[in-house]
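**Q** Chains as they are written, first to last, in the numbering used here: chain A, 44 to 242; chain B, 24 to 293. Let me begin by handing over the structure; questions about it come next.
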Amino acid sequence: MIAIIDYGMGNLRSIYNALMKVNGDPVIVSDSAKLSGADAVVIPGVGSFGDGMNNLKPFADELFDVINDGIPMLGICIGMHVLFDWGEESNCAGFGLIKGDVIRLPQGVRVPQMGWNELRIRCDSDLLSGINDGDFFYFVHSYYCVPANKHTITATTDYGVDLAAVVEKDNIHAVQFHPEKSSSKGLIILKNFVGMARC
Amino acid sequence: MLAKRIIPCLDCDLGVPFGRVVKGVRFKQIRYAGIPWELAQEYDKQGADELIFLDITASHERRETMSKVIEKTSENVFMPLTVGGGIRSLKDARTAFNAGADKVSVNTAAIKNPDLLNEISKYFGAQACVIAIDAKRRYERKTGQEMVDTPQGECWFECSLYGGREFTGIDAIQWAMEAEERGAGDIMLTSMDRDGTKDGYDIELTSAISNSVNIPVIASGGCGNLEHILEVFKKTNVSAALAASIFHFGEYTVSEVKEYLKKNGVHVRL
Chain A
44 MIAIIDYGMG NLRSIYNALM KVNGDPVIVS DSAKLSGADA VVIPGVGSFG
94 DGMNNLKPFA DELFDVINDG IPMLGICIGM HVLFDWGEES NCAGFGLIKG
144 DVIRLPQGVR VPQMGWNELR IRCDSDLLSG INDGDFFYFV HSYYCVPANK
194 HTITATTDYG VDLAAVVEKD NIHAVQFHPE KSSSKGLIIL KNFVGMARC
Chain B
24 MLAKRIIPCL DCDLGVPFGR VVKGVRFKQI RYAGIPWELA QEYDKQGADE
74 LIFLDITASH ERRETMSKVI EKTSENVFMP LTVGGGIRSL KDARTAFNAG
124 ADKVSVNTAA IKNPDLLNEI SKYFGAQACV IAIDAKRRYE RKTGQEMVDT
174 PQGECWFECS LYGGREFTGI DAIQWAMEAE ERGAGDIMLT SMDRDGTKDG
224 YDIELTSAIS NSVNIPVIAS GGCGNLEHIL EVFKKTNVSA ALAASIFHFG
274 EYTVSEVKEY LKKNGVHVRL
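Below, the structure is given as structure tokens:
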């Protein structure tokens, strides 16, 4: 069972449908106790850092347990941001599971970044298996993650700055783009993630 | 680098059980283009970057049909989906998001109640809040309006409602800036002078609005061929171009449009 955490941040139907499409067995979970039986966990989300953190607080203990147990986790967009130490948007602490900050996109580009941008693959990873350098993914965001350890960045994208598009640390996987909105390439990434859940 | 987006627009008549995509030709004869979710799947295969579903019937009893259309589409089509036409309240917006929409576009309701933009943006995020502006050229000078030079003479742009049936006196440039301020994340800008004509996008309008805001602008109204799409990307800094009839009736596929743009130096996703 792949738990999609429902913490009131946006449209869960697309991620649910996309996981179904790649033969995952998604369940939308709004009760933190249900996380314990999951084979994998997805933190989806659109919205603001502060609201995200507030709404996720009830899941915090179970989330840390899941990660300590080595269960694969995928954070998408805001679900990626909250894994870091601190967010500029709400001047608010995140879960600190990955060292680094989440800051605003630089001056000189339209904000939000909205649309399809190319992935620049930095190193191979199971999540990115079957994805080619230069493949396009759908991004929508005004803030971006700056990991303290650059080696956790497995792919970047260029938008005024070379920003972290995929960050991976052990069983934690985080993507800035929306795989559930990135057509066939996005489905490949979700299929890879579903594969990890079954290992 | 961020790609320029190509967005097919599906004008939906929801007066039949599963809805149908229609297109008025020069505002009159209606042609039927197909079932919304079937067309959506076809455009996904062709490489469309986003889809916009506009409820042209926009009456409350048909809202459920739109939900069905979006639910069905989002089972198989994994790209951003926008719903517009008749979104009047936060509740309407929520219904669209629950069905699987990623964004809602508002026009009339936002002009009548600008706070609606702040509310949608606050509850669902700026990325989910599209302001639709239907603008018409006015050549008579009026104090307080932003005058723009065009080959046809100096003009300002007036916001219209109900698909051009009612005019507001509101300056489109000023309204675009206010909408950005209130939290809109995208501007869907339609030229009422060009809509349905196939004469090409209104370059001066598109340029004026796009240069006045820092959020992405989608050019709409008047697309009749490949050159029109190239022109709007070459002459303005818009983020996206919307077209309807050139795609619906098989004149061009989305991939043909993109290949042509790429050949001519526009960065697109292929």
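Where is the CB? At the ideal position from N, CA and C, for every residue including glycine.
Closer than 9 Å, Cβ to any Cβ of chain A: which residues of the stretch 99-111 of chain B, in chain order?
**A** Per Cβ criterion, the list reads Asn99, Val100, Phe101, Met102, Pro103, Leu104.
**Q** Under 8 Å between C-beta atoms, does Trp129(A) make it to chain B?
**A** Not closer than 8 Å to any Cβ of chain B, the Cβ of Trp129(A) fails to qualify, so no.
**Q** Could you tell me if Met63(A) is buried or exposed, where buried requires 16 or more neighbouring beta carbons within 10 angstroms of its beta carbon?
**A** Answer is exposed; the Cβ neighbour count stays below 16.
**Q** So, using beta-carbon positions, are Met200(B) and Val171(B) closer together than 8 Å?
**A** Taking 8 Å as the Cβ cut-off, Met200(B) and Val171(B) do not qualify as a contacting pair.
**Q** Which full runs of the beta strand (DSSP E) of 3+ residues lie inside the stretch 179-216 of chain B, going along the chain?
**A** Segments of the beta strand (DSSP E) lying fully in the stretch 179-216 of chain B: 179-184, 189-194, 209-214.
**Q** Got a sec: is the Cβ-Cβ distance from Ala149(B) to anything in chain A below 8 Å?
**A** By this cut-off, Ala149(B) is an interface position.
**Q** Contact criterion: CB-CB distance below 8 Å. Does Gly208(B) meet it with respect to chain C?
**A** Among the protein chains of the structure shown, namely A and B, there is no chain C.
**Q** Determine contact between the stretch 124-133 of chain B and the stretch 96-107 of chain B, defined as no fewer than three beta-carbon pairs at a distance below 8 Å.
**A** The stretch 124-133 of chain B is in contact with the stretch 96-107 of chain B.
**Q** Just to confirm, is the Cβ distance from Ala155(B) to Asp125(B) under 8 Å?
**A** Going by C-beta atoms, Ala155(B) is not nearer than 8 Å to Asp125(B).
**Q** Going by CA-CA distance only, name the one from Ser230(B), Pro137(B), Ile30(B) that's closest to Ala264(B).
**A** Nearest of Ser230(B), Pro137(B), Ile30(B) to Ala264(B), Cα basis: Ile30(B).
**Q** Can you give me the Cβ contacts of Pro115(A) inside the same chain, cut-off strictly under 6 Å, excluding the 5 residues immediately before and after it?
**A** For Pro115(A), where only same-chain residues beyond five positions count, the Cβ hits under 6 Å are Ala83, Asn214, Met239, Ala240.
**Q** Note the first and the last residue of the continuous alpha helix (DSSP H) segment covering Ser90(B).
**A** That run of the alpha helix (DSSP H) goes 86-99.
**Q** Strictly below 7 Å CB to CB, what residues from chain A border Asp238(B)?
**A** One detail in the question is off: residue 238(B) reads as Ile in this sequence, not Asp. Correct list: Arg153.
**Q** Between Thr191(B) and Ile134(B), which are expected to be in contact by the criterion C-beta below 8 Å, what is the C-beta distance as a whole number of angstroms?
**A** About 6 Å; that satisfies the 8 Å criterion.
**Q** What do you reckon, are the CB atoms on Ser262(B) and Gly70(B) nearer than 8 Å?
**A** Result no, Cβ atoms of Ser262(B) and Gly70(B) do not sit closer than 8 Å.
**Q** How many Å lie between Asp216(B) and Gly223(B) at the Cα?
**A** Using only the alpha carbons, I get a separation of about 10 Å.
**Q** Counting only Cβ pairs nearer than 7 Å, list the residues of chain A close to Asp115(B).
**A** Near Asp115(B) there are no residues of chain A at all, since even the closest Cβ is about 15 Å away, more than 7 Å.
**Q** Hey, how far is the Cα of Asn175(A) from the Cα of Ile164(A)?
**A** Looking at the two C-alpha atoms, the distance is approximately 8 Å.
**Q** Of all Cβ atoms in chain B, is any one closer than 8 Å to the Cβ of Gln219(A)?
**A** No - not a single Cβ of chain B is within 8 Å of the one on Gln219(A).
**Q** Can you tell me the Cα-Cα spacing of Gly95(A) and Ser133(A), whole angstroms?
**A** Looking at the two C-alpha atoms, the distance is approximately 10 Å.
**Q** Using the Cβ count rule (16 or more neighbours within 10 Å means buried), how would you classify Thr118(B)?
**A** By the 10 Å Cβ count, Thr118(B) comes out buried.
**Q** For the beta strand (DSSP E) that His290(B) lies in, which residues bound it at each end?
**A** Segment: none, His290(B) is in no beta strand (DSSP E) and carries neither H nor E.
**Q** Under 7 Å Cβ to Cβ from Asn98(A), same chain only, skipping five residues before and after it: list those, please.
**A** The residues are Tyr50, Gly51, Met52.
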